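S.K.:
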Amino acid sequence: GAPPGYVGYDQGGMLTEKVRRRPYSVILFDEIEKAHPDVFNLLLQLLEEGELRDNLGHTVSFRSCVIVMTSNAGTRDIARGKRLGFHSEDPRFDLESVREAALSELKKQFNPEFLNRVDEVVVFHPLSREQAGAVLDLMIADLKRRLAEKGLDLEIRKPARDWLVEKGYDATYGARPMRRLITRTLEDPIAADLIAGKYSPGQTVLVELKGEQVVVKPRKSRRSRDEAVPIGR
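By my numbering, the letter at position 37 of the sequence shown is numbered 152, and the numbering carries on one by one without gaps.
(1) Got a sec? Which residues, its chain only, sit under 6 Å from S186 by beta carbon, not counting five neighbours each side?
(2) Quick check: what's the CA-CA separation for V329 versus T319?
(3) Please tell me whether F177 and L161 are closer than 8 Å, where the distance is taken between their beta carbons.
(4) With a threshold of 8 Å, are at least 3 pairs of Cβ atoms found where one atom belongs to the segment 263 to 277 and the other to the segment 215 to 230?
(5) Taking 7 Å as the limit between beta carbons, can you name the residues of its chain near R214, skipping five residues before and five after?
(6) Since I believe G189 is in contact with A216 (beta carbons under 8 Å), could you give me their beta-carbon distance rounded to a whole number of angstroms?
(7) What does DSSP give as the partner residue(s) for Q328 in the beta ladder?
(8) Excluding five sequence neighbours on each side, which residues of the same chain lie with their C-beta closer than 6 Å to the C-beta of S203?
(9) Should L66 be labelled buried (16 or more other beta-carbon atoms within 10 Å of its own) or exposed?
(10) Measuring alpha carbon to alpha carbon, tell me which residue in L262, D153 and N156 is nearest P316.
(11) Does DSSP classify E148 as helix, strand or coil?
(12) How is R272 classed by DSSP in three states: helix, strand or coil?
(13) Determine which residues share a DSSP beta bridge with R168 and list them.
(14) Measuring CB to CB, does A249 end up less than 8 Å from Y284?
(15) Am I right that Y314 and P333 are in contact with their C-beta atoms under 8 Å? What's the rounded C-beta distance?
(16) At the level of alpha carbons, what is the spacing between K335 and K325?
(17) Considering V134, what are the terminal residues of the alpha helix (DSSP H) in which it resides?
(18) Which of helix, strand or coil does DSSP assign to P333?
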């Protein structure tokens, strides 16, 4: 919460107030290694005692909450292929070696008393191409929904979808490159065309591959024979 003398001091803490109103919650601390030291002090109390006290002196229980913390610890070693048990003739993902690398890095970044209060450390596999395709479909479905609010439909041809999966896939950085690719190749051109008045309600935004570039344009009234991938239906 806000310190004494500041606006909001008499309103309780943001986190404690949320949990007081919704005691059965999942609380996510993203990239916890970047948190201020004061946050770790609060987390030590929270994980040990299961409660926090707000500015008003109210004790708020977190015993019905699930606390999740994400970290990028060890990702540099993973990206460089260090300590992963990879062999040139056997390039399989060695989860146990990755887990050891991550735990080693966690011990360097966090105090033992903090790590001892964490129940479980979960190491995730890097995204596969199939999973990257599923992420793409979710992003396209969201774009389709937003276009539907403007009276427009969205159709993406299979070659264009395959190109987006190929260019947006990155085993090291996960889905973030895919998000940037969708913004750059689909959302920005569509937004520019909407501002220019190139679409009318009821039209379909067509996404297709021309050479090595994705092209976004209004679909002609006569249905093309090319294969299309339905997204978000």
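Just so you know, even glycine gets a beta-carbon here, dropped at the ideal spot from N, CA and C.
As the structure is a computational prediction, the values presented were derived from the model and not from experiment.
M.R.: Looking at the coordinates:
(1) Residue mapping note: residue 186 aligns to position 71 of the sequence shown, counting from 1. So the list reads I147 and E148, once near-sequence residues are dropped.
(2) As a first step, residue 329 must be located in the sequence shown, where it is residue number 214. As a first step, residue 319 must be located in the sequence shown, where it is residue number 204. Each residue's alpha carbon lies about 16 Å from the other.
(3) Stepping through the sequence shown from its first residue, residue 177 is reached at position 62. Stepping through the sequence shown from its first residue, residue 161 is reached at position 46. Yes, Cβ-Cβ distance for F177 and L161 is below 8 Å.
(4) no
(5) By 1-based counting over the sequence shown, the position of residue 214 is 99. Taken in chain order, the residues that qualify are V238.
(6) For this step, residue 216 is matched to residue 101 along the sequence shown. For this step, residue 189 is matched to residue 74 along the sequence shown. Between G189 and A216 the Cβ distance is about 5 Å, and since that is below 8 Å, they are a contact.
(7) As a working note, residue 328 is residue 213 in the sequence shown. DSSP lists K325 as partners of Q328.
(8) Here residue 203 is taken as the residue at index 88 of the sequence shown, counted from 1. Only weak support exists for where S203 lies, its pLDDT of 35 falling under 50; the value from the coordinates is given anyway. Counting only Cβ-Cβ distances below 6 Å, and skipping sequence neighbours, we find nothing.
(9) The requested residue 66 is not part of the displayed model; the chain covers only 116 to 348.
(10) By 1-based counting over the sequence shown, the position of residue 316 is 201. Nearest C-alpha to P316: L262.
(11) Within the sequence shown, numbered from 1, the residue matching residue 148 stands at position 33. If DSSP states are grouped into helix, strand and coil, E148 belongs with the helices.
(12) Position 157 of the sequence shown, counted from the first residue, corresponds to residue 272. If DSSP states are grouped into helix, strand and coil, R272 belongs with the strands.
(13) If you number the sequence shown from 1, residue 168 lands on position 53. T174, per the DSSP bridge assignment.
(14) Your numbering for residue 249 matches position 134 in the sequence shown. Your numbering for residue 284 matches position 169 in the sequence shown. No.
(15) Position 199 of the sequence shown, counted from the first residue, corresponds to residue 314. Position 218 of the sequence shown, counted from the first residue, corresponds to residue 333. Confirmed, Cβ separation roughly 6 Å.
(16) Reading the sequence shown from its first residue, position 220 is the one you call residue 335. Reading the sequence shown from its first residue, position 210 is the one you call residue 325. If you take the alpha carbons of K335 and K325, they lie about 16 Å apart.
(17) To locate residue 134, count along the sequence shown from 1; it is residue 19. Run containing V134: M129 to R136, per the alpha helix (DSSP H) assignment.
(18) As a working note, residue 333 is residue 218 in the sequence shown. Three-state result, P333: strand.
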